[in-house]
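**Student:**
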Amino acid sequence: QVRLVESGGALVQPGGSLRLSCVASGMIFSVDVMGWYRQAPGKQRELVADISRASSRINYADSVKGRFTISTDNAKSTVYLQMNSLKPEDTAVYYCKGSSTRTYWGQGTQVTVSS
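The letter at position 56 of the sequence shown is residue 41 when you use my numbering, and the numbering goes up by one with no holes.
As structure tokens, this is what we get:
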């Protein structure tokens, strides 16, 4: 079993920055890919960025390329999402996901971009 706990969501003005954190505990050695997803009201959950723990291969959604950066600190079992130049359309609940032979989700953290 893997437990994922996100933090760092907040209300921020357009153009601002936030860093989200996701701390993993449990059988984290079994997790191959860590990622961030988001879900806005009335929309489907979508991939923001993910990273392979073995190869460090990274994927970004086109909408966040050049603005968001995903990274990991394996010593802290933590994955980060640095979000810069935030836009109102980035408003959503952001979820951390861990994938292996099973899929694990965190509880989500709210990001609101508004003036």
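We treat Cβ as the ideally placed atom computed from N, Cα and C, and that holds for glycine.
Measuring CB to CB, does G20 end up less than 8 angstroms from D35?
**Tutor:** Yes. Within cutoff.
**Student:** Given this structure, state the Cα-to-Cα distance separating A46 from E31, to the nearest angstrom.
**Tutor:** Taking the straight line from one Cα to the other gives about 9 angstroms.
**Student:** Judging by CA-CA distance, which residue of A60, S10, L71 is the nearest neighbour of L121?
**Tutor:** Because residue 121 is not part of the residues shown, which for the chain are -14 to 100, the question remains open.
**Student:** Assuming V64 and C81 make a contact with CB atoms under 8 angstroms, what is their CB distance in whole Å?
**Tutor:** 7 angstroms
**Student:** Please confirm whether L5 and G91 have their CB atoms less than 8 angstroms apart.
**Tutor:** no
**Student:** By how many angstroms is the C-alpha of I55 removed from the C-alpha of E74?
**Tutor:** Taking the straight line from one Cα to the other gives about 19 angstroms.
**Student:** Report yes if the CB atom of T94 is closer than 8 angstroms to the CB atom of V78, and no otherwise.
**Tutor:** yes
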